[in-house]
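Enquirer: Numbering (my numbering), first residue to last: 263 to 367.
Don't be surprised by glycine CBs; every beta carbon is placed ideally from N, CA and C.
Once you've had a glance at the structure underneath, I'll fire off some questions.
See the structure below:
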């Protein structure tokens, strides 16, 4: 079995991956909450027979929901990425040590 040495984990990738995941999930949650907000405003306007004000769905439902989701996802993804980085770094150093010792024996 040939010995292959992996790349050293880079710390700069931790925040970039966390921000990317945060952006994508925030965008998805904004879209879903806006859809649900529009449906809710339309149902409310039908029940009370008033004109639907769809800006309420954006201002009062979707935007606050997206902000809350963004904060939670950013914190969770940072914690997960730091844990993944520390584990990858430990495995890389262990792999480097075992590869170095097998070359000398």
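1) Closer than 6 Å by C-beta to residue 280: which residues in its own chain qualify, once you throw out the five before and the five after it? Chain order, please.
2) Over what stretch of residues does the alpha helix (DSSP H) that includes residue 308 continue unbroken?
3) Look at the Cβ atom of residue 315, then the Cβ atom of residue 303, and state whether they are nearer than 8 Å.
4) Looking only at C-alpha atoms, which of 358, 301, 289 and 310 sits nearest to residue 326?
5) With H, G and I counted as helix, E and B as strand and the rest as coil, what does DSSP make of residue 314?
6) Would DSSP call residue 271 helix, strand or coil?
Expert: Reading it off the structure:
1) So the qualifying residues of the chain are 339, 340 and 343.
2) Per DSSP, the continuous alpha helix (DSSP H) segment holding residue 308 begins and ends at 275-310.
3) yes
4) 289
5) Residue 314: coil per DSSP, three-state reduction.
6) coil
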